[in-house]
Amino acid sequence: MACVYPKQSVSKTTGKTSTSWYVGYYQDGRHRSKSAGSSKTVALKLKRRIEAELETRKFDFLGQPENVLITDSIEKFLNHTHRLRKPRTYIRYKNALDHLLEFLNETFPSTIVVGKLSRAHFSEYQAWRRASRVTPNGSKFSTKTKPPRFKTINVELSVFRSWLYWAMQQGQLRENPLKGLKKLKTTDSKPRKVLTREEFARLLTVSEDIERLNSNKRGQSILWRFLVNTSLRIDELAHLQWSDIDFRRGVIKVQRKSFWDPKTYEREIPFTLESEEILRELRTLNPKKDRFIFCGKRGKRLRETLVRRWLLDCARVAEIDDMRGPHDLRHTFITWGLTEFGIDLPTMQKIAGHRNLETTQIYVHPTTSHMKSVMKRFGS
0 MACVYPKQSV
10 SKTTGKTSTS
20 WYVGYYQDGR
30 HRSKSAGSSK
40 TVALKLKRRI
50 EAELETRKFD
60 FLGQPENVLI
70 TDSIEKFLNH
80 THRLRKPRTY
90 IRYKNALDHL
100 LEFLNETFPS
110 TIVVGKLSRA
120 HFSEYQAWRR
130 ASRVTPNGSK
140 FSTKTKPPRF
150 KTINVELSVF
160 RSWLYWAMQQ
170 GQLRENPLKG
180 LKKLKTTDSK
190 PRKVLTREEF
200 ARLLTVSEDI
210 ERLNSNKRGQ
220 SILWRFLVNT
230 SLRIDELAHL
240 QWSDIDFRRG
250 VIKVQRKSFW
260 DPKTYEREIP
270 FTLESEEILR
280 ELRTLNPKKD
290 RFIFCGKRGK
300 RLRETLVRRW
310 LLDCARVAEI
320 DDMRGPHDLR
330 HTFITWGLTE
340 FGIDLPTMQK
350 IAGHRNLETT
360 QIYVHPTTSH
370 MKSVMKRFGS
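0 is the number of the first residue of the sequence shown in numbering that gives the first Met the number 0; add one for each residue after it.
Spelled out as structure tokens, the structure:
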């Protein structure tokens, strides 16, 4: 019901970094936050107090949930989401909830109010979605289209959880009907591509050839080199500004801005020799401090879809199979760091910006050559 999160600030006078803790929660359909000072313990106590107050208040104003139409609830939730979430997230939420409404109209036409939803409805939804045909963006297409992956269905269920949790906050439900429903085991997910050294060299060669032929695509090779030397997410790369670079301390700061928040938390990534060389080279070409480091001719940030198209075009010409996008270069960095350079998991977790070690372990893709070298060392 509430969450605790830190915020870092830098003093303009001393330059020292300090951490303040906040408690975030939803009330009356709006996101709110309260400061708890510099102590995480105080923030956790405040979180428990707020949760208790929200629970008491929820049942004080709780009306008759059977009077709330599902369509009305979803419409209000999407309006609420549109104000708080990124456009891409809003579209994903809307597509998932559209699928749910279609399922209810086809399978349970008499279920029209929120209070009548049960776990059985969503269990049936899982089976219905596994038998449906959709395009990659989630919209229905034709019988020739592949069914959605289990991971896609699990993401849709997480959207439903968010909606139903919001409905509880609004007094439309007394408990979440999704409680206890297990996720589908994702055995059909396509693995991420981890490039070998030889494949990455081919990718750079092709990118440099494309840059010489098309001036509008200059800088591709620098993008791939920078991504594979920093582990940045593509969204983090697109929002990187010169104020995020500390040449004196040798770090890249992934930090909040007035118009953007990182996916997980603020962190610092130390330079590699190559990433520092790239940044110093770009600094001479783009000296304005308020501009994005990787930007177009007008100073606007790069669009993630454009970078993905560039990378897939280069990979196709370089005859590199199974590339899915820039996130593959993040997997490549983490795998190389853990298997070739011996970086320990906790350190890599901080560099990558993961909340837990289990997420970092997903990124490890040991190569056959690495396993052979390990077994040789073991035998000796």
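We treat Cβ as the ideally placed atom computed from N, Cα and C, and that holds for glycine. This one's a predicted model, so the numbers in the text were calculated from it and none came from an experiment.
Buried versus exposed call for residue i [16 or more other C-beta atoms within 10 Å across all chains shown]
i, result
"leucine 284", "exposed"
"leucine 68", "exposed"
"cysteine 2", "exposed"
"aspartate 327", "buried"
"threonine 304", "exposed"
"phenylalanine 246", "exposed"
"leucine 226", "buried"
"arginine 118", "exposed"
"serine 372", "exposed"
"leucine 83", "exposed"
"arginine 191", "buried"
"serine 220", "buried"
Proximity of residue i and residue j at Cβ, strictly below 8 Å
i, j, result
"serine 230", "isoleucine 333", "yes"
"arginine 128", "proline 108", "no"
"phenylalanine 199", "leucine 156", "no"
"leucine 180", "leucine 163", "no"
"leucine 301", "glycine 324", "no"
"threonine 271", "histidine 353", "no"
"glycine 298", "proline 269", "no"
"leucine 103", "threonine 110", "yes"
"asparagine 228", "lysine 182", "no"
"valine 158", "histidine 330", "no"
"glycine 23", "serine 32", "yes"
"lysine 6", "tyrosine 21", "yes"
"lysine 252", "glutamate 267", "yes"
"histidine 30", "tryptophan 165", "no"
"threonine 106", "glutamate 123", "yes"
"leucine 278", "isoleucine 244", "yes"
Bridge-paired residues (DSSP) for residue i
i, result
"proline 5", "Trp20"
"phenylalanine 291", "Gln240"
"proline 269", "Val250"
"valine 112", "Leu68"
"glutamine 219", "Answer is none; glutamine 219 lacks a bridge partner."
"arginine 201", "In DSSP, arginine 201 forms no bridge with anything."
"tyrosine 362", "For tyrosine 362, which the question treats as bridged, DSSP gives no partner whatsoever."
"arginine 300", "Cys294"
"glutamine 26", "Arg29"
"serine 34", "Tyr21"
"aspartate 260", "Answer is none; aspartate 260 lacks a bridge partner."
Residue i: CB within 7 Å of a non-hydrogen atom of the ligand HEM
i, result
"arginine 128", "With respect to small molecules bound, the structure shown includes none, and the ligand HEM cannot be examined in it."
Rounded straight-line distance, which links the Cα of residue j to that of residue i
i, j, result
"isoleucine 361", "lysine 184", "15 Å"
"glycine 341", "serine 274", "19 Å"
"methionine 374", "glutamate 210", "42 Å"
"glutamate 50", "tryptophan 335", "43 Å"
"glycine 62", "serine 19", "Bear in mind that a pLDDT of 44 at glycine 62, under 50, signals an unreliable position, so the number given afterwards is only what the model happens to contain. Each residue's alpha carbon lies about 38 Å from the other."
"phenylalanine 60", "glycine 114", "Because phenylalanine 60 carries a pLDDT of 40, less than 50, the predicted location of this residue cannot be relied on, and the following value inherits that uncertainty. Approximately 16 Å between the Cα atoms of the pair."
"glutamine 171", "histidine 81", "20 Å"
"glutamate 74", "arginine 173", "20 Å"
"threonine 338", "proline 365", "7 Å"
"serine 34", "valine 41", "10 Å"
"glutamate 280", "threonine 359", "31 Å"
"glutamine 348", "valine 363", "12 Å"
"arginine 290", "lysine 85", "22 Å"
"asparagine 66", "arginine 47", "31 Å"
"proline 261", "leucine 236", "11 Å"
"threonine 195", "arginine 201", "10 Å"
"proline 345", "serine 72", "43 Å"
"tyrosine 89", "leucine 77", "7 Å"
"arginine 91", "alanine 314", "27 Å"
"glutamine 26", "serine 242", "35 Å"
"asparagine 355", "aspartate 343", "14 Å"
"methionine 322", "glutamate 197", "15 Å"
"lysine 15", "tryptophan 259", "23 Å"
"arginine 282", "arginine 308", "26 Å"
Closest Cα partner of residue i within the set the options
i, options, result
"serine 17", "Pro345, Gly23, Val250, Ser8", "Ser8"
"glutamine 168", "Lys296, Ala314, Pro269, Glu52", "Glu52"
"glycine 295", "His238, Ser34, Trp165", "His238"
"aspartate 234", "Ile221, Gln254, Gln219", "Gln254"
"isoleucine 319", "Lys15, Leu222, Ser206", "Ser206"
"tryptophan 223", "Leu203, Leu212, Lys216", "Leu203"
"leucine 382", "Pro365, Asp243, Arg290, Ser161", "Residue numbering for the chain in the displayed model covers 0 to 379; residue 382 lies beyond these limits and cannot be assessed."
"glutamine 240", "Pro190, Phe293, Leu212", "Phe293"
"lysine 93", "Thr70, Thr106, Leu45, Ala317", "Thr70"
"isoleucine 350", "Thr151, Arg232, Arg91", "Arg232"
"alanine 317", "Glu303, Asp208, Ile244, Leu278", "Asp208"
"arginine 217", "Lys15, Lys39, Val306, Leu344", "Val306"
"tyrosine 4", "Cys313, Ser372, Glu265", "Glu265"
"histidine 98", "Val112, Gln125, Asn175, Leu116", "Gln125"
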